[in-house]
Each structure stands twice: as structure tokens, then as C-alpha cells.
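Data block below; observations after.
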Amino acid sequence: CTSIIAEDKAGKLYHARNLDFGLFLGWDIKNSSWIVTQILKPLMVSLDFQRNNKTVFRSANLAGYVGMVSGIRPGIFTLTMNERFSIDGGYIGVFEWIFGKRDGWWMGFLTRSVLENSTSYEEAKDRLTNARLLAPAYFILAGNQSGQGSVITRSRTAALDVWNLNASFGTWYVLETNYDRWKVPLAVDDRRTPAMKCMNRTMQQNVSLPALYNVLSTKPILNKLTVSTTLMEVSEGRIETYLRDCPDPCSPW
Amino acid sequence: LAKDPYGEDCRYQQYPPTGATFRGSVPDYIINLDLPPRERWVQLAHEKKDELKTIVEHIKKVMIVFFPSGKLLHLLESKMAWLGSTLPYPFNEEIEGIAHAAEVGLGDIVVFNVFYEIFTV
Numbered sequence: 003c004t005s006i007i008a009e010d011k012a013g014k015l016y017h018a019r020n021l022d023f024g025l026f027l028g029w030d031i032k033n034s035s036w037i038v039t040q041i042l043k044p045l046m047v048s049l050d051f052q053r054n055n056k057t058v059f060r061s062a063n064l065a066g067y068v069g070m071v072s073g074i075r076p077g078i079f080t081l082t083m084n085e086r087f088s089i090d091g092g093y094i095g096v097f098e099w100i101f102g103k104r105d106g107w108w109m110g111f112l113t114r115s116v117l118e119n120s121t122s123y124e125e126a127k128d129r130l131t132n133a134r135l136l137a138p139a140y141f142i143l144a145g146n147q148s149g150q151g152s153v154i155t156r157s158r159t160a161a162l163d164v165w166n167l168n169a170s171f172g173t174w175y176v177l178e179t180n181y182d183r184w185k186v187p188l189a190v191d192d193r194r195t196p197a198m199k200c201m202n203r204t205m206q207q208n209v210s211l212p213a214l215y216n217v218l219s220t221k222p223i224l225n226k227l228t229v230s231t232t233l234m235e236v237s238e239g240r241i242e243t244y245l246r247d248c249p250d251p252c253s254p255w
Numbered sequence: 306l307a308k309d310p311y312g313e314d315c316r317y318q319q320y321p322p323t324g325a326t327f328r329g330s331v332p333d334y335i336i337n338l339d340l341p342p343r344e345r346w347v348q349l350a351h352e353k354k355d356e357l358k359t360i361v362e363h364i365k366k367v368m369i370v371f372f373p374s375g376k377l378l379h380l381l382e383s384k385m386a387w388l389g390s391t392l393p394y395p396f397n398e399e400i401e402g403i404a405h406a407a408e409v410g411l412g413d414i415v416v417f418n419v420f421y422e423i424f425t426v
């Protein structure tokens with residue numbers, strides 16, 4: 003996955019992501035694609051969660067999955083999560099859960115609960131930073147005011163890093179793939195460097211949802227695992243999701 | 306370092322989405338949080354039941370490749386429904402409602418919902 007939060011010169015915040023999934027779960031030689039990635043595309047839906055006929059939050063989701071991987075609480079915050087691989091992975095949390103230690107959150111349920119119940123960027127950030135989890139994750143959270151953007155790197159028990167937007171000091175965007183920002187990504191899976199190159203070329207004065215879509219359409223940020231691209235703009239409550247293909251030649255991940 | 310063989314120059318003017326990298330738009334659904342949890346996803350799960358069955362069957366095929374005896378799959382199928390019952394409210398009841406509406410085994414929908422936790426290794 004690749005998630006980006008960017009702030010324009012007027013302090014308006016944009017949030018976008020590529021949802022990549024299906025690695026090593028079967029390759030379709032005939033169509034030159036990952037089987038699960040292809041199977042997931044017809045399951046992608048845009049959901050509007052309502053109470054009393056009014057929108058509480060909206061999300062881009064897979065049908066059948068009650069947790070959230072991308073969502074917007076209109077006017078308040080936007081949230082995406084990226085997978086974080088670790089030896090201290092979710093299977094340990096699952097075993098703990100099975101054996102009765104049930105004080106942690108399943109990742110998708112936490113993001114769902116945050117989108118459904120948190121009423122401010124700060125509250126959402128506090129929950130995503132401090133809640134105990136069953137599996138490590140990256141939470142990418144943006145608010146509706148200048149500087150309200152962060153990448154929260156989570157282990158199962160703690161926030162290892164919180165990387166905040168700070169446009170006045172030059173950090174006008176934050177970008178997360180599937181690697182800790184203080185570590186070099188795998189040489190065969192470096193989507194961070196090309197994505198940053200494209201963001202730097204875009205420049206802050208040109209940031210917009212179409213500009214982020216351009217970045218997320220550039221290979222290898224767009225790759226054979228990419229199921230969809232979601233674009234969000236919090237102040238207008240806008241969320242758009244598009245299914246993607248990556249014609250050859252295209253990186254398998 | 307060698308140049309990324311799949312890399313390309315930054316793309317421009319890709320929006321509005323069109324062309325070979327655009328597969329299509331996604332359908333919209335309303336989830337009514339005023340309904341009991343079991344009823345919230347009924348319409349969506351019913352309309353997507355064929356697609357859900359396809360992914361569930363594929364995950365089973367993958368597991369058979371790694372564990373050909375089928376013992377793990379059998380164990381998982383029998384235990385996942387129980388795991389579903391331990392999940393917190395309202396998610397446990399929502400998952401039950403999806404399994405019922407999609408006519409898919411409860412354990413299969415539970416696996417789909419906890420796949421992230423298992424996959425992060």
C-alpha cells in the first residue's frame with residue numbers, strides 16, 4: 003500500500019491511498035496478475051454509514067469485511083491504514099486472544115470504532131496511538147486544519163513513531179508505504195523513493211486530489227497488487243474510489 | 306543500484322481516471338447503523354455473495370497448497386466460528402449477519418475479517 007497526506011499552500015489537506023493486496027497468494031499466468039488481487043476488485047465498495055439518515059462516516063471497503071482500511075469522517079478527519087510486517091506479528095496476538103488475553107484491538111475494528119465514534123482529529127490520534135493492538139500497523143491520519151496530519155507507526159503494544167506534518171518547516175506531505183520511515187525499504191520494493199520524487203516534483207502549490215492520483219498512478223507505486231485508489235478531501239467530505247489495473251510492463255509488487 | 310526495471314517517469318494528467326490503468330468505479334451502499342448489527346450488511350452481502358464465495362474458496366485452495374492434508378483447513382473451519390463468537394459486539398453480530406445473507410459459512414467470514422492479523426507475519 004501507499005498512503006499520502008499533503009497540505010496545500012492554503013492549509014487544505016488531501017489524503018489518498020493505493021490499496022495493494024494479494025502477494026504470494028497465487029499468480030495467474032494467463033492474465034499476468036495476482037489471483038487474489040483480481041478477486042478482490044469486484045468486492046470493493048463505497049460505504050456511507052448513517053445514523054438517523056445522516057452520514058456519520060464514509061469508507062472504501064471490501065464487502066464482507068466489517069473493519070475499515072480507508073475512511074473519512076466528513077469535516078473532521080480522514081484515515082487509512084497500511085500493513086506493517088513484523089516477526090512480532092498478528093498471529094501472536096491471535097494466539098493470545100484464543101487463550102483468553104483479550105485486551106487488544108483487532109486492527110480493522112479499531113479503525114472502524116475510531117471512524118464511528120471519534121469526534122476530533124486529536125481524539126482519533128490519541129486512540130490510534132495508545133490503543134493496544136493484536137497486530138502491528140501504520141495509521142495515516144489527517145485532520146481538517148493546517149498541520150493536522152500524521153503517520154503513526156504501531157507495534158502491538160506501543161507507538162514507535164509519530165511523524166507529523168509541519169508545512170512551515172518544509173514537511174508539507176507525509177508518505178507511508180510498508181516500511182518504517184527510519185529504515186531503508188527493500189531494494190526490490192522501493193515505492194517510497196519514486197513516490198517522494200513525484201511529490202517533490204508536484205510541489206506544494208500544485209497539490210490537489212488529481213495531483214495525488216497522478217502520483218499513485220506512477221509505476222511502481224501502481225503495481226500488480228494494486229486493487230484500488232482512494233482519494234479524500236476532508237473539508238468537503240469528498241471520497242472517491244477507483245479500481246485499478248497495471249498493464250505490463252509492471253512491477254509484481 | 307540498478308534502475309528499477311518497472312519504474313517510469315512521474316505521470317501527469319491521469320485524472321479523471323481513464324485508460325488502461327483504470328478498471329472502473331465502485332458501487333455505493335448505505336449501512337444503516339440504526340439497524341440491529343445482524344441486519345446492517347444484509348443487502349450488500351446478498352448482492353456480493355458470489356464474489357465472497359469466490360475469495361473464500363480461493364483462500365481455502367491456497368491453504369491446501371501449503372497444508373495438503375487438509376487437517377489445518379478442517380481445524381480452522383471448526384475453530385473459526387468459535388473465534389467469531391469471541392469477537393467484540395457489534396462486530397460479532399455483523400459478521401454473523403453477513404455469513405447468513407451471503408450463504409457462506411460463519412467461519413469463512415470470520416477468517417476474511419481476521420486475515421490482516423494472520424497475514425502480518
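Here the protein sequences come in this chain order: A and B.
Counted the way this note's numbering counts, the first sequence spans residues 3 to 255.
Counted the way this note's numbering counts, the second sequence spans residues 306 to 426.
We put the CB at the ideal spot given by N, CA and C, even for glycine.
Given the structure is predicted, the values throughout are model-derived calculations rather than measurements.
Query - Buried or exposed by the 16-neighbour rule on C-beta atoms within 10 Å, applied to B:Gly375 - result: The residue given as residue 375 of chain B occupies position 70 in the second sequence. With fewer than 16 other CB atoms across the displayed protein chains lying within 10 angstroms of its CB, B:Gly375 is exposed.
Query - Proximity test, Cβ basis, 8 Å: A:Lys221 and chain B - result: For the purposes of this step, residue 221 of chain A is taken as the residue at position 219 of the first sequence. Yes, A:Lys221 counts as interfacial toward chain B.
Report task. Assign B:Gln348 to one of three DSSP states: helix, strand, or coil. Result -> As a first step, residue 348 of chain B is located in the second sequence; it is residue number 43 there, counting from the start. Note: B:Gln348 maps to helix in three-state DSSP.
Query raised in the report: Quick check: the stretch 74-84 of chain A against the stretch 381-400 of chain B, are there 3 or more CB pairs under 8 Å?
Result: The stretch 74-84 of chain A, when compared against the stretch 381-400 of chain B, does not touch it at the 8 Å Cβ threshold.
Query raised in the report: Got a sec: is the Cβ-Cβ distance from B:Arg343 to anything in chain A below 8 Å?
Result: Position 38 of the second sequence, counting from 1, holds the residue named residue 343 of chain B. With a threshold of 8 Å between beta carbons, B:Arg343 makes no contact with chain A.
Query raised in the report: Hey, quick one: how far does the beta strand (DSSP E) through A:Phe79 stretch, first residue to last?
Result: Sequence index remark: in the first sequence, residue 79 of chain A carries index 77 (1-based). It spans Phe79 to Glu85 - the beta strand (DSSP E) in which A:Phe79 sits, taken as one unbroken run.
Requested in this report: From the DSSP output, in three-state form, read off A:Asp22 for me.
Outcome: Taking the first sequence and counting its residues from 1, one reaches residue 22 of chain A at position 20. If DSSP states are grouped into helix, strand and coil, A:Asp22 belongs with the strands.
**Report entry** Residue of A:Thr228, A:Phe97, A:Asn63 and A:Met46 minimising C-alpha distance to A:Leu24
**Finding:** Here residue 24 of chain A is taken as the residue at index 22 of the first sequence, counted from 1. Checking the displayed sequence, the identity of residue 24 of chain A turns out to be Gly instead of Leu. Among A:Thr228, A:Phe97, A:Asn63 and A:Met46, the Cα nearest to that of A:Gly24 belongs to A:Thr228.
Report task. Count the CB pairs spanning the stretch 183-197 of chain A and the stretch 219-238 of chain A that are closer than 8 Å, and state whether there are at least three. Result -> Taking a cut-off of 8 Å on C-beta distances, the stretch 183-197 of chain A touches the stretch 219-238 of chain A, as three or more cross pairs fall below it.
Requested in this report: Return the chain-ordered list of same chain residues with a C-beta closer than 6 Å to the C-beta of A:Ala8, the five sequence neighbours on each side being excluded.
Outcome: Here the question's residue 8 of chain A lines up with position 6 in the first sequence. The residues are Tyr16, Tyr175 and Val209.
Report task. Could you please give the first and the last residue of the uninterrupted beta strand (DSSP E) stretch that includes A:Tyr151? Result -> The residue you call residue 151 of chain A lines up with position 149 of the first sequence. For the record, residue 151 of chain A in the displayed sequence is Gly; it is not Tyr. Gly151 to Arg156 is the extent of the beta strand (DSSP E) around A:Gly151.
Query raised in the report: Do B:Ala404 and B:Val347 have their C-beta atoms within less than 8 Å of each other?
Result: The residue labelled residue 404 of chain B in the question sits at position 99 within the second sequence. The residue labelled residue 347 of chain B in the question sits at position 42 within the second sequence. The answer is no: Cβ separation not under 8 Å.
Query raised in the report: Is A:Val58 helix, strand or coil by DSSP?
Result: To locate residue 58 of chain A, count along the first sequence from 1; it is residue 56. Note: A:Val58 maps to strand in three-state DSSP.
Query raised in the report: Between B:Glu356 and A:Leu49, is the Cβ-Cβ spacing less than 8 Å?
Result: Numbered from 1 along the second sequence, position 51 holds the residue referred to as residue 356 of chain B. Numbered from 1 along the first sequence, position 47 holds the residue referred to as residue 49 of chain A. Taking 8 Å as the Cβ cut-off, B:Glu356 and A:Leu49 do not qualify as a contacting pair.
Requested in this report: Would you please verify whether the beta carbon of B:Glu356 is less than 8 Å from any beta carbon of chain A?
Outcome: Mapped onto the second sequence, residue 356 of chain B falls at position 51. Yes, its Cβ sits closer than 8 Å to a Cβ of chain A.
Query raised in the report: Using the beta-carbon count (16 or more within 10 Å), is A:Tyr241 buried or exposed?
Result: By one-based count along the first sequence, residue 241 of chain A stands at place 239. Strictly speaking, residue 241 of chain A in this sequence is Ile, with Tyr absent from that position. A:Ile241 comes out buried.
Report task. Grab me the residues of A:Leu136's own chain with a C-beta within less than 6 Å of its C-beta, minus the 5 sequence neighbours each way, in chain order. Result -> The residue you call residue 136 of chain A lines up with position 134 of the first sequence. Cβ neighbours of A:Leu136 within its own chain (closer than 6 Å, five residues either side excluded): Gly92, Gly95, Gly106 and Trp108.
Query raised in the report: Where does A:Ala12 sit, in a helix, a strand or coil, going by DSSP?
Result: In the first sequence, the residue the question calls residue 12 of chain A occupies position 10. In the three-state scheme derived from DSSP, where H, G and I count as helix and E and B as strand, A:Ala12 is classed as coil.
**Report entry** N- and C-terminal bounds of the beta strand (DSSP E) containing A:Leu126
**Finding:** Working through the first sequence from its first residue, we reach residue 126 of chain A at position 124. At residue 126 of chain A the sequence reads Ala, which differs from the Leu that was named. From DSSP, A:Ala126 is part of no beta strand (DSSP E) but of the alpha helix (DSSP H) over Tyr123 to Asn132.
Query raised in the report: Just to confirm, are A:Met83 and A:Ala139 a CB contact at a threshold of 8 Å?
Result: Working through the first sequence from its first residue, we reach residue 83 of chain A at position 81. Working through the first sequence from its first residue, we reach residue 139 of chain A at position 137. With respect to A:Ala139, A:Met83 sits close: the two C-beta atoms are nearer than 8 Å.
Requested in this report: Measure the C-alpha to C-alpha separation of A:Cys252 and B:Ala325 and round it to an integer number of angstroms.
Outcome: Counting from 1 along the first sequence, the entry for residue 252 of chain A is found at position 250. Counting from 1 along the second sequence, the entry for residue 325 of chain B is found at position 20. Here the C-alpha atom of A:Cys252 lies approximately 12 Å from the C-alpha atom of B:Ala325.
Report task. Measure how close the beta-carbons of B:Gly329 and A:Leu214 come, nearest whole angstrom, since I'm counting them as under 8 Å. Result -> Along the second sequence, read from residue 1 onward, the residue named residue 329 of chain B stands at position 24. Along the first sequence, read from residue 1 onward, the residue named residue 214 of chain A stands at position 212. Wrong, their Cβ atoms sit about 20 Å apart, outside the cutoff.
Query raised in the report: For A:Asn33, which three-state DSSP category applies?
Result: As a position in the first sequence, residue 33 of chain A is number 31, starting the count at 1. Looking at A:Asn33 - three-state DSSP - the assignment turns out to be coil, as it is neither helix nor strand.
Query raised in the report: Is the shortest distance between the beta-carbon of B:Leu349 and the beta-carbons of chain A less than 8 Å?
Result: Within the second sequence, the letter at position 44 stands for residue 349 of chain B. Yes, B:Leu349 lies at the interface with chain A (some Cβ there is under 8 Å from its Cβ).
Query - Closer than 9 Å at the beta carbon, the chain B residues around A:Glu85 - result: Counting from 1 along the first sequence, the entry for residue 85 of chain A is found at position 83. Residues of chain B passing the Cβ test: Tyr421, Phe424 and Thr425.
Query raised in the report: So is A:Met70 buried or exposed if we call it buried at 16+ other beta carbons inside 10 Å?
Result: Taking the first sequence and counting its residues from 1, the one referred to as residue 70 of chain A is at position 68. Result: buried.
Report task. Select from A:Arg53, A:Ser35 and A:Ile154 the residue whose C-alpha is nearest the C-alpha of A:Asn119. Result -> Against the first sequence, residue 119 of chain A aligns to sequence position 117. Among A:Arg53, A:Ser35 and A:Ile154, the Cα nearest to that of A:Asn119 belongs to A:Arg53.
Query raised in the report: If you scan the stretch 185-220 of chain A from start to end, which runs of the alpha helix (DSSP H) of 4 or more residues do you find wholly inside it?
Result: For the stretch 185-220 of chain A, the continuous alpha helix (DSSP H) assignments of 4+ residues that do not extend past its boundaries occur at 194-204 and 211-218, in sequence order.
Query - Among A:Ala189, A:Lys14 and A:Cys3, nearest to A:Gln150 - alpha-carbon criterion - result: Here the question's residue 150 of chain A lines up with position 148 in the first sequence. Nearest to A:Gln150 by alpha-carbon distance, out of A:Ala189, A:Lys14 and A:Cys3, is A:Lys14.
Query raised in the report: With DSSP run on the structure shown, which of helix, strand or coil describes B:Tyr320?
Result: For the purposes of this step, residue 320 of chain B is taken as residue 15 along the second sequence, with counting starting at 1. Here DSSP, grouped into helix, strand and coil, assigns B:Tyr320 to coil.
Query - With 16 other Cβ atoms within 10 Å as the buried cut-off, status of B:Pro341 - result: Position 36 of the second sequence, counting from 1, holds the residue named residue 341 of chain B. So B:Pro341 counts as exposed.
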